[in-house]
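Reviewing the structure listed below.
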């Protein structure tokens with residue numbers, strides 16, 4: 227086998243059109259299984275095929291002005307999932323599909339915080355959409371309307387949040403307070419220092435012994451004064467008598 231035979235034996239490289247059809251087939255199979263393409267992450271694999279990487283490349287080409295995705299290929303992906311490449315954040319679309327699955331067959335009631343949903347994360351996300359409903363695009367509002375979150379429901383949720391008073395905090399038992407304060411002092415040494423400082427302010431100050439400006443104690447100061455007074459007399463006694471002329 228020479229070099230010419232080896233080159234001829236290499237498999238023919240697939241064209242871009244063939245590779246696109248392979249990725250499209252995996253995308254269709256994934257959407258049939260999961261219902262959408264928004265949840266496909268960059269590292270997602272489908273039957274050992276890097277579907278996440280391929281779909282990310284299609285989204286990047288679609289948004290590029292240099293080599294935009296052709297209209298027929300974009301339409302082929304839109305036939306699988308109309309929002310495979312939404313104009314808003316992809317995370318919003320992923321949360322939407324999660325809320326749509328949680329709200330399927332249920333009547334959304336904003337007055338109780340969408341507590342009828344089994345998915346608390348989807349309920350919290352729907353509540354946030356009510357707060358920012360007017361900031362969403364028309365397409366996003368229409369998607370929310372399709373699952374029951376209409377403009378009236380969003381406004382009712384905002385009005386209910388403004389008019390409902392907050393529940394007062396429950397009083398803490400004395401024993402619980404003691405345990406809480408002890409745990410806080412253990413976690414924060416500065417809290418213990420503050421308590422000691424407050425205790426020093428409340429307790430009466432103990433009288434201090436008077437000190438001189440030199441810092442000597444009164445008993446030592448008295449002894450020092452006595453030693454100074456006796457030094458001249460000792461000097462006079464030690465001085466020799468003068469001789470008469």
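Residue numbers (my numbering): 227 to 471.
Idealized CB from N, CA, C, for every residue including glycine.
Look at the Cβ atom of residue 263, then the Cβ atom of residue 271, and state whether they are nearer than 8 Å. The residue you call residue 263 lines up with position 37 of the chain shown. The residue you call residue 271 lines up with position 45 of the chain shown. Between residue 263 and residue 271, the C-beta gap is not smaller than 8 Å, which leaves the two residues out of contact.
Using a Cβ-Cβ cut-off of 7 Å (strictly less than) and excluding sequence neighbours within five positions of residue 335, which residues of its own chain qualify? Here residue 335 refers to the residue found at position 109 when the chain shown is read from its first residue. Cβ-Cβ distances below 7 Å link residue 335 to 342 in the same chain, with the five nearest sequence neighbours on each side left out; the list follows chain order.
What are the start and end residues of each continuous alpha helix (DSSP H) run of 4 or more residues lying completely inside the region 291-369, in chain order? Runs found: 297-306, 316-328 and 346-357.
Using a threshold of 8 Å, state whether the C-beta atoms of residue 323 and residue 249 are closer than that. Your numbering for residue 323 matches position 97 in the chain shown. Your numbering for residue 249 matches position 23 in the chain shown. The Cβ-Cβ distance between residue 323 and residue 249 does not fall below 8 Å.
Using a Cβ-Cβ cutoff of less than 7 Å, which residues in the same chain neighbour residue 229 once the five nearest sequence positions on both sides are dropped? Mapped onto the chain shown, residue 229 falls at position 3. For residue 229, where only same-chain residues beyond five positions count, there are no Cβ hits under 7 Å.
Which residues does DSSP pair with residue 272 in a beta bridge? In the chain shown, residue 272 corresponds to position 46, counting from 1. Beta-bridge pairing links residue 272 to 275.
If contacts are defined as beta-carbon pairs under 8 Å, then residue 285 and residue 311 qualify, I think. What distance do you get, rounded to the angstrom? As a first step, residue 285 is located in the chain shown; it is residue number 59 there, counting from the start. As a first step, residue 311 is located in the chain shown; it is residue number 85 there, counting from the start. About 5 Å separates the CB atoms of residue 285 and residue 311; that is less than 8 Å, so the two are in contact.
Roughly how many whole angstroms lie between the Cα atoms of residue 304 and residue 389? Here residue 304 is taken as the residue at index 78 of the chain shown, counted from 1. Here residue 389 is taken as the residue at index 163 of the chain shown, counted from 1. Near 43 Å, if we compare the C-alpha coordinates of residue 389 and residue 304.
Can you tell which of 360, 246 and 386 has the C-alpha that lies nearest to the C-alpha of residue 300? Residue 300 sits at position 74 when you count from the first residue of the chain shown. Per the Cα distances, 246.
Opening and closing residue of the alpha helix (DSSP H) in which residue 379 lies: Translated into positions along the chain shown, residue 379 becomes position 153. Residues 377-389.
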